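Each remark here refers to the structure printed beneath this line.
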Amino acid sequence: MANLIKGSFIILIGNILFRIGGYLYRMLMQFLLGVEGYGILSVVLPVQWILILIAAAGLPPAIAKYVSEYKAQNNFYMVKKIIFVSAKIMLCMSIIFSVSLYFFAPYLVDLLNADPNTTILFQMVALITPFSILLGLFRGVFQGYQEMTYILITRAAEQIFMISLAVILTLAGLYVLGAVIGSILGFAASAVVAFLIFKKEMWENLQNIKIPSIPVNDVKIAKKLIFFSFPIILAGLSELALFDTSTMIIKIFMDNYAVGYYNIASPVARLPLVISTSVSVAILPAASEALAIKGNNLLKKYVIQSYRYLLLVLLPICIVIMLFSEPLLNILFPKAPLAYLFVKNVLTILIIGMGFYSIYGISSSISQGVGKPYPPMIFLVIGGIINLGLTFYLVPRYGLNGAAISTTVSAFFIMILCTYTTLRITKVKLPYFKLFKIIIASLLLGLILIIMPKSTFGLIFASILTPFIYLIILAFINGLENQDLIIINKVGLKIKPFTKFFIKFSQFLKKINELINQKDH
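Anchor point for the sequence shown: position 335 equals 337 in this note's numbering, and the numbering is continuous, going up by one each time.
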């Protein structure tokens, strides 16, 4: 259990760093390329991620699962077989789809109404798959060995090389091509790092494995791997359909500037997903543990607290981003001064959609934790299809707002379906009145923040004051629990210069809580 918690924490840190790196990459590319160039890059990136996902055939999680199982049985012959068979499958898929994209690139450019000069960008993306499949293979092995630190190291290498090389090559005059080549070289560098770690830490124990008298057939292993990975690749493609294909559809009907502005709003709107990712990483093993020990009451407690703490943190963040979107966009994308004018409504709509998707993410993790992984996957597939259809319908009519509405409606749909199904599976009844108090507190917070100046100073001031104003409002409407006050004290103890302040603030909140409770009684 300790390894699981430690591994989850390391993966969480990796995900946060990955998102920060992604934001930094986008900010720098928009700064260097301008809105139009950034729009061109934003059309290429979804194609890159689709190609990487298909080329890997959804195998990294399957590799992790079976490597972990056979390693636990000390069956290193099968560990080696899983790695080699997976490598063969991924290599074949990589060659097929890389060659296909290279020759299909001119037709893809026509389909997207793009400049013929951008053909080279899509053809260059085809070169990324040899490195991406190696990276996916080794990360799957590292996860199977529960060596999450190695995954974190490869993520760091990927981000550092991708960002630095993309900046250097763009400044060298290669424009969008420089950004694409930088991305490819980032994957290449990370793949080399992953290979060196694998060779040093794991390959020696796998080299001289005794072959059994009746070797296991490769085809049999391949079938098992593909059977496990098919739902994963389907879910991955559906998630891309939900989030990234909007960019490509916008390009069909609008110009590169529109694509660029939409992709300025989109990453900012995804900031709340960092919170849902954090809770999701924690709840999946916790739910699995509660199920394993048949602790139904413990499971119900985990489920209720997951939704509650998600809303506690998610809603004020969404409120702050919506109210201070203009200074936030100016800070993150200073070379796009008109961004707020073009995408203020898009950002507001997408923030709501990301809130819905965050709740779906928690519901999905709980469902997976209790051994029901398929319902969330099915709902995600349905959501991806709905988003594709709605985007094609709404973008010609409502422009960028249409794309944002499509994503938000689809996210709302999968949130409702997945949350209802998860609560039914776990037999949990949420304390709706307590959750309603969190919504009320967030709305009251918004009414207070709305009077603050919408400037960089106002954003900084609001970011500092929001937690304290929000907690005081919660205390006055009896929305705090004893556990919340304990957490505040723990945070205070870790921030040494402010320990006394946090303890006094916690005591102040406790007094308000007690006064409100006395009045209620």
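Think of the CB as a built atom: it goes at the ideal place given N, C-alpha and C, for glycine as much as any other residue.
Only a predicted model underlies this, so the values are computations on that prediction, with no experimental measurement involved.
Practice prompt. Ignoring anything shorter than 4 residues or poking outside the segment 148-226, list the alpha helix (DSSP H) runs there in chain order.
Written response: Listed in chain order, they are 150-171, 177-200 and 206-209.
Fill in: Among L179, K225, L227 and G138, nearest to A190 - alpha-carbon criterion
G138
Item to complete: Ignore the nearest five residues each way along the sequence and tell me which others in I353's own chain have a CB closer than 6 Å to its CB.
Response: A271, C320, I323 and M324
Worksheet item: Just checking, does the segment 449-458 make contact with the segment 392-406 on the three C-beta pairs under 8 Å criterion?
Response: no
Discussion item. Can you check which of these residues, K513, F504, L487 and Y309, is closest to G494 by C-alpha distance?
Written reply: F504
Discussion item. Is the separation between the beta-carbon of L560 and that of L55 shorter than 9 Å?
Written reply: Residue 560 falls outside the range modelled here, since the chain spans only 3 to 523, and no answer is possible.
Item to complete: In the DSSP assignment, find the alpha helix (DSSP H) that holds M454 and state where it starts and stops.
Response: Taken as a continuous stretch (DSSP letters only), M454 belongs to no alpha helix (DSSP H), as it is neither H nor E.
Worksheet item: So what does DSSP say about R272, is it helix, strand or coil?
Response: coil
Discussion item. Nearest by alpha-carbon distance to K558: which of F133, T501 and N76 is it?
Written reply: What is shown of the chain runs 3 to 523, which leaves residue 558 out entirely.
Worksheet item: My guess is that G36 and K337 are in contact by the Cβ rule of under 8 Å, so how many angstroms apart are they, rounded?
Response: Yes, G36 and K337 are in contact; Cβ-Cβ is about 6 Å, under 8 Å.
Discussion item. Which same chain residues end up closer than 8 Å to Y25 when comparing Cβ atoms and leaving out the 5 residues on each side of it in sequence?
Written reply: P269 and L334
Worksheet item: Can you tell me where the alpha helix (DSSP H) with G142 in it begins and where it stops?
Response: T131 to G146
Worksheet item: N389: buried (16+ other C-beta within 10 angstroms of its C-beta) or exposed?
Response: buried
Worksheet item: Apart from the five residues on each side of it in sequence, which residues of its chain come closer than 8 Å, Cβ to Cβ, to L482?
Response: L473, L476, L511 and N515
Worksheet item: Is it true that the CB of M164 sits closer than 9 Å to the CB of G146?
Response: no
Discussion item. Using a Cβ-Cβ cutoff of less than 7 Å, which residues in the same chain neighbour I266 once the five nearest sequence positions on both sides are dropped?
Written reply: Q32, L331, F335, A338, A341 and V345
Worksheet item: When you compare only the Cα positions, how much space is there between F20 and D246?
Response: 17 Å
Worksheet entry | Assumed close pair L432, Y309 - CB separation to whole angstroms, cut-off 8 Å | Confirmed, Cβ separation roughly 6 Å.
Item to complete: Output the distance between the C-alpha atoms of N207 and F200, rounded to the nearest integer angstrom.
Response: 11 Å
Fill in: Limits of the alpha helix (DSSP H) - the one that I416 falls within
L402 to T428
Item to complete: State the start and end residues of the unbroken alpha helix (DSSP H) segment that holds G494.
Response: N484 to K496
Fill in: Length of the line joining the Cα atoms of L517 and K439
17 Å
Fill in: Pair within 9 Å by beta-carbon distance, L382 and V411
no
Worksheet item: Taking D257 as the reference, which of I418, Q520, A174 and V45 has the closest Cα?
Response: V45
Fill in: Whole-number beta carbon distance between L227 and I91, since they are thought to touch under 8 Å
7 Å
Item to complete: Assign R141 to one of two classes, buried (16 or more other C-beta atoms within 10 Å of its C-beta) or exposed (fewer than that).
Response: buried
Discussion item. With a threshold of 6 Å on Cβ separation, who are the neighbours of A196 within its own chain once the five nearest residues in sequence on each side are excluded?
Written reply: L137, F140 and T156
Worksheet item: With burial defined as no fewer than 16 other Cβ atoms inside 10 Å of the residue's Cβ, what is the status of P378: buried or exposed?
Response: buried
Worksheet item: Would you report the Cα separation of T421 and S366, rounded to the nearest angstrom?
Response: 8 Å
Discussion item. Taking the beta carbon of G373 as the centre, do at least 16 other beta carbons fall within 10 Å, making it buried, or is it exposed?
Written reply: exposed
Worksheet item: Residues in its own chain within less than 7 Å of A224 by CB, not counting five upstream and five downstream?
Response: V87 and I91
Fill in: Through-space distance from P233 to S290, alpha-carbon basis
Here the model assigns S290 a pLDDT of 48, short of 50, so the residue's position is not dependable and the matter cannot be decided.
Worksheet item: What residue ranges within the segment 314-349 form continuous alpha helix (DSSP H) runs of no fewer than 4 residues, ordered along the chain?
Response: Listed in chain order, the complete alpha helix (DSSP H) runs (minimum 4 residues) inside the segment 314-349 are 327-334.
Worksheet item: What are the boundary residues of the alpha helix (DSSP H) that Q125 is part of?
Response: T121 to V127
Worksheet item: Under a Cβ-count criterion, where at least 16 other Cβ atoms within 10 Å of its own Cβ denotes burial, should F435 be classed as buried or exposed?
Response: exposed
Worksheet item: By how many angstroms is the C-alpha of M356 removed from the C-alpha of L286?
Response: Annotation note: pLDDT 49 at L286 (below 50); position unreliable, coordinate value reported separately. Distance from the CA of L286 to the CA of M356, rounded to the nearest whole angstrom, comes to 20 Å.
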